[in-house]
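K.L.:
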Amino acid sequence: MSIDIAYFPGCSLHSTASDFAKSIEAIMPALGINLKEIEDWNCCGASSAHKLDEFAAKALPARTIAIAANMKLDKILAPCAACYSGLLHAHHAVTHDPKLKKQIEETIGLTYPSKMQIMSLPEFLLSVAGEKIKSSVKRKLDVNVACYYGCLLTRPRELITYDDSECPQSMERLCQMMGINTVEWWAKTECCGAGFSLMDTDVVYKLTGDILGSARLEKAQVIITSCPLCHSNLDMRQAKIISKSKEEEIPVLYLSELVGYMIGLDPKDLGLSQHFATKKLKQIFI
Amino acid sequence: MSFAMEIKPHQIIRLLQLGQTEKALSSKTIWYCAGCQTCYSRCPQKVDLPKIMDALCQEADEQNLIHKDVRQIEQFHRSFIGSLKRSGLSNEVLLVAEYKLRSRKFFSDVALAPVMFCKGKLKLLPRRVKNMNVIRKIFKRGKV
């Protein structure tokens with residue numbers, strides 16, 4: 001029996017992170033999940049809305065959540081960590097502030113639901129599809145994997161309780177279920193610099209460089225992540241970061257790409273060819 | 287991100303406590319907060335510093351106190367919101383093009399663009415939200 005879930009891809013998964021979307025949409029049918037893309041969804045507002053327009057920062061995600069409720073769905077999968085955070089913050093604000101709820105309902109012309117479970121990808125795969133993943137493993141992978149959470153998958157701890165914010169383990173547990181060895185490393189929840197990729201790239205070179213260095217220190221051969229911006233900084237910006245130090249490239253996979261590979265899907269269907277750091281990736285996965 | 291800030295976050299709080307609000311509002315620091323939530327998650331007093339930083343950015347915008355050296359950050363956010371007002375989504379191709387024009391950083395990352403396009407990472411004709419009336423209402427109600 002398949003499980004229905006509201007799916008909020010967000011702007012990145014429709015463009016610069018279309019490889020992330022490709023792998024998610026490839027693994028879900030195999031795991032018995034029916035993704036129902038939220039009708040006419042809009043941007044969550046990302047960091048720009050909460051920097052400049054507090055009302056929009058809450059109303060934009062609220063509209064998407066209200067539409068999901070209208071579709072008679074009570075769980076939303078938001079794979080992009082920024083969207084996940086935006087939706088969580090909006091849902092918390094609207095359900096705790098009746099005045100804001102009224103203003104938003106008047107503006108969006110929809111009733112806002114009192115309950116909606118908003119889930120990140122690691123949370124979703126572990127809680128809803130964990131057993132199915134474990135029983136569907138078809139490949140062996142003999143590499144050390146460093147699981148990178150970044151900022152918004154586990155913080156703030158006031159809103160997120162499915163995992164610890166200092167030493168999260170949800171992706172490690174999924175790896176263990178698939179028979180993959182993971183490493184512990186200090187940078188697993190350090191910020192990659194996020195949107196500063198465009199606004200001040202030097203900041204990203206420094207922060208992402210530190211993260212890659214930390215993974216290298218623990219002999220990680222692959223990094224997995226579950227955020228399009230983290231992936232972009234670690235993957236697309238890696239060549240420039242290691243060009244001076246001449247260090248070895250570390251392939252960076254999305255969690256869904258790793259799951260897809262392990263349950264036996266064709267790597268061509270997982271978006272791996274869209275990555276930038278592909279030298280080692282080709283040796284290990286293709 | 288505090289390594290990139292000339293006034294550290296705890297000093298911003300101190301400025302506010304001492305009534306030196308304008309110094310806080312005109313700092314570069316508030317625009318360099320990436321909202322990583324680390325401080326809020328660790329603070330034993332539960333001070334919501336990311337929310338304070340956001341509020342200071344919005345107030346700085348309202349009072350025209352944005353530091354000249356962070357104009358490119360403000361421009362990025364304005365370009366992003368501009369895209370939302372037009373289509374309800376962030377059109378990454380137009381966003382980057384508009385940002386590069388506004389910030390005059392014409393040539394940085396230019397080598398990445400064709401590679402991204404060939405890898406299917408840049409969509410020239412992305413979708414647009416159908417109910418744009420609601421999106422326009424949201425922004426009319428807000429401040430920007």
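In order, the protein sequence lines correspond to chains F and W. Numbering-wise (the working numbering), the first sequence opens with residue 1 and increments by one. Numbering-wise (the working numbering), the second sequence opens with residue 287 and increments by one. Just so you know, even glycine gets a beta-carbon here, dropped at the ideal spot from N, CA and C. Quantities reported herein were computed from a predicted structural model and do not represent experimental measurements.
(1) Check whether the Cβ atoms of M418 (chain W) and G368 (chain W) lie closer than 8 Å to each other.
(2) How about the region 8-25 of chain F and the region 238-246 of chain F: do they share at least three Cβ pairs that are nearer than 8 Å?
(3) CB-CB under 7 Å to E105 (chain F), same chain, minus the five flanking residues each way: which ones, in chain order?
(4) CA-CA distance, L351 (chain W) and I250 (chain F)?
(5) Give me the residue from F:D210, F:V222, F:S2, F:G260 with the minimum Cα distance to K138 (chain F).
(6) Do we get a CB-CB distance below 8 Å when we pair H443 (chain W) with the residues of chain F?
(7) Would the beta-carbon of M287 (chain W) fall within 8 Å of that of C191 (chain F)?
(8) Per DSSP, what kind of secondary structure is A194 (chain F) in: helix, strand or coil?
(9) Express the C-alpha separation of S389 (chain W) and A129 (chain F) in angstroms, rounding to a whole number.
(10) Just how far apart, CA to CA, sit I211 (chain F) and K268 (chain F)?
(11) Express the C-alpha separation of C404 (chain W) and S376 (chain W) in angstroms, rounding to a whole number.
(12) Can you check whether the C-beta of I293 (chain W) is within less than 8 Å of a C-beta belonging to chain F?
(13) Just to make sure I have the definition right: I need the residues of chain W whose C-beta is within less than 9 Å of the C-beta of E54 (chain F). Which are they?
(14) Use the C-beta contact count for G195 (chain F): other C-beta atoms within 10 angstroms, 16 or more gives buried, fewer gives exposed.
(15) Using 8 Å as the threshold, is the C-beta distance between H91 (chain F) and I133 (chain F) below it?
(16) Kindly indicate which three-state DSSP category C325 (chain W) falls into: helix, strand or coil?
(17) Just grab the DSSP bridge partners of M28 (chain F) for me.
(18) Is the distance from the Cβ of G150 (chain F) to the Cβ of T225 (chain F) below 8 Å?
(19) Taking the continuous beta strand (DSSP E) assigned at L253 (chain F), which residues delimit it?
(20) For C147 (chain F), write down the residues that DSSP places opposite it in a beta bridge.
(21) Using the beta-carbon of each residue, which ones in chain F are nearer than 9 Å to F403 (chain W)?
(22) By the criterion of Cβ-Cβ separation under 7 Å, what are the contact partners of N42 (chain F) in chain W?
(23) Which residues in chain F have a C-beta closer than 8 Å to the C-beta of E378 (chain W)? List them in chain order.
(24) Distance check for S2 (chain F) and F20 (chain F), CA to CA, integer angstroms please.
(25) In chain order, what are the residue ranges of uninterrupted alpha helix (DSSP H) at least 4 long that sit wholly in the region 81-109 of chain F?
(26) CB-CB under 6 Å to A68 (chain F), same chain, minus the five flanking residues each way: which ones, in chain order?
(27) Take the Cβ of F289 (chain W) as the centre, count every other Cβ of all protein chains shown within 10 Å, and call the residue buried at 16 or more, exposed below.
(28) When you compare the CB positions of I263 (chain F) and S120 (chain F), do they come within less than 8 Å of one another, or not?
(29) Determine the extent of the beta strand (DSSP E) in which D4 (chain F) is found, giving its start and end residues.
(30) Whole alpha helix (DSSP H) runs in the region 290-356 of chain W with 4 or more residues, listed along the chain?
(31) From D347 (chain W) to L52 (chain F), what distance separates their C-alpha atoms?
(32) Taking the straight line between their C-alpha atoms, what separation do you get for L387 (chain W) and M177 (chain F)?
(33) Residues in its own chain within less than 7 Å of L141 (chain F) by CB, not counting five upstream and five downstream?
(34) Is I98 (chain F) buried or exposed, if buried means 16 or more other CB atoms sit within 10 Å of its CB?
(35) Do A81 (chain F) and L152 (chain F) come within 8 Å of each other at the CB atom, strictly closer than that value?
(36) Quick check on the DSSP output: the beta strand (DSSP E) that includes N34 (chain F) runs from which residue to which?
P.N.:
In short:
(1) The residue you call residue 418 (chain W) lines up with position 132 of the second sequence. The residue you call residue 368 (chain W) lines up with position 82 of the second sequence. It is not a contact, given that the beta carbons lie outside the stated cut-off.
(2) no
(3) Stepping through the first sequence from its first residue, residue 105 (chain F) is reached at position 105. Cβ neighbours of E105 (chain F) beyond the five flanking positions: T111, Y112.
(4) On the second sequence, residue 351 (chain W) is found 65 positions in, with the first residue counted as 1. On the first sequence, residue 250 (chain F) is found 250 positions in, with the first residue counted as 1. About 43 Å.
(5) Here the question's residue 138 (chain F) lines up with position 138 in the first sequence. Among F:D210, F:V222, F:S2, F:G260, the Cα nearest to that of K138 (chain F) belongs to F:G260.
(6) The displayed coordinates of chain W run from 287 to 430. Any statement about residue 443 (chain W) would go beyond what the structure contains.
(7) Indexing the second sequence from 1 puts residue 287 (chain W) at position 1. Indexing the first sequence from 1 puts residue 191 (chain F) at position 191. Taking 8 Å as the Cβ cut-off, M287 (chain W) and C191 (chain F) qualify as a contacting pair.
(8) Residue numbering aside, residue 194 (chain F) sits at position 194 when the first sequence is read from its first letter. It is coil, neither helix nor strand.
(9) As a position in the first sequence, residue 129 (chain F) is number 129, starting the count at 1. As a position in the second sequence, residue 389 (chain W) is number 103, starting the count at 1. The alpha-carbon atoms of A129 (chain F) and S389 (chain W) are separated by roughly 45 Å.
(10) The residue labelled residue 211 (chain F) in the question sits at position 211 within the first sequence. The residue labelled residue 268 (chain F) in the question sits at position 268 within the first sequence. Taking the straight line from one Cα to the other gives about 28 Å.
(11) Sequence index remark: in the second sequence, residue 376 (chain W) carries index 90 (1-based). Sequence index remark: in the second sequence, residue 404 (chain W) carries index 118 (1-based). Cα to Cα, S376 (chain W) sits roughly 20 Å from C404 (chain W).
(12) Numbered from its first residue, the second sequence carries residue 293 (chain W) at position 7. Chain F contact via Cβ: absent.
(13) As a first step, residue 54 (chain F) must be located in the first sequence, where it is residue number 54. Within chain W, the residues near E54 (chain F) are D340, A341, Q344, G428, K429.
(14) Taking the first residue of the first sequence as 1, we reach residue 195 (chain F) at position 195. So G195 (chain F) counts as buried.
(15) Position 91 of the first sequence, counting from 1, holds the residue named residue 91 (chain F). Position 133 of the first sequence, counting from 1, holds the residue named residue 133 (chain F). Not closer than 8 Å, so no.
(16) Translated into the one-based positions of the second sequence, residue 325 (chain W) becomes position 39. Correct three-state label for C325 (chain W): helix.
(17) On the first sequence, position 28 is the one that residue 28 (chain F) refers to. Paired residues: none, contrary to the question.
(18) Sequence index remark: in the first sequence, residue 150 (chain F) carries index 150 (1-based). Sequence index remark: in the first sequence, residue 225 (chain F) carries index 225 (1-based). In contact: G150 (chain F) and T225 (chain F) (Cβ atoms closer than 8 Å).
(19) Residue numbering aside, residue 253 (chain F) sits at position 253 when the first sequence is read from its first letter. Its beta strand (DSSP E) spans residues 252-254.
(20) Within the first sequence, residue 147 (chain F) is the residue found at index 147, counting from 1. Note: C147 (chain F) sits in a beta bridge opposite F:I224.
(21) For the purposes of this step, residue 403 (chain W) is taken as the residue at position 117 of the second sequence. What F403 (chain W) touches in chain F: nothing, since even the nearest Cβ is about 11 Å away.
(22) As a position in the first sequence, residue 42 (chain F) is number 42, starting the count at 1. Per Cβ cutoff of 7 Å: G374, L375, V415, I421.
(23) As a position in the second sequence, residue 378 (chain W) is number 92, starting the count at 1. Those are C11, S12, S15, T16, listed as they occur along chain F.
(24) Along the first sequence, read from residue 1 onward, the residue named residue 20 (chain F) stands at position 20. Along the first sequence, read from residue 1 onward, the residue named residue 2 (chain F) stands at position 2. Computed Cα separation, rounded: 22 Å.
(25) 81-96, 98-108
(26) Counting from 1 along the first sequence, the entry for residue 68 (chain F) is found at position 68. A6, I38, I76, listed in sequence order.
(27) Here residue 289 (chain W) corresponds to residue number 3 of the second sequence, with the count starting at 1. When all chains shown are included, F289 (chain W) counts as exposed.
(28) Against the first sequence, residue 263 (chain F) aligns to sequence position 263. Against the first sequence, residue 120 (chain F) aligns to sequence position 120. For I263 (chain F) and S120 (chain F), no; Cβs fall outside 8 Å.
(29) Taking the first residue of the first sequence as position 1, residue 4 (chain F) is located at position 4. D4 (chain F) -> beta strand (DSSP E) spans 3-7.
(30) 295-303, 307-311, 315-318, 324-328, 335-348
(31) The count along the second sequence starts at 1 and reaches residue 347 (chain W) at position 61. The count along the first sequence starts at 1 and reaches residue 52 (chain F) at position 52. Their backbone Cα atoms lie some 7 Å apart in a straight line.
(32) Taking the first residue of the second sequence as position 1, residue 387 (chain W) is located at position 101. Taking the first residue of the first sequence as position 1, residue 177 (chain F) is located at position 177. Rounded to whole angstroms, L387 (chain W) to M177 (chain F) spans 48 Å at the Cα level.
(33) Reading the first sequence from its first residue, position 141 is the one you call residue 141 (chain F). Contacts found: I180, M262.
(34) Translated into positions along the first sequence, residue 98 (chain F) becomes position 98. Per the sequence shown, residue 98 (chain F) should be read as Pro rather than Ile. By the neighbour-count rule (16 or more Cβ atoms within 10 Å), P98 (chain F) is not buried but exposed.
(35) Mapped onto the first sequence, residue 152 (chain F) falls at position 152. Mapped onto the first sequence, residue 81 (chain F) falls at position 81. Going by C-beta atoms, L152 (chain F) is nearer than 8 Å to A81 (chain F).
(36) As a position in the first sequence, residue 34 (chain F) is number 34, starting the count at 1. Here the beta strand (DSSP E) through N34 (chain F) covers 33-37.
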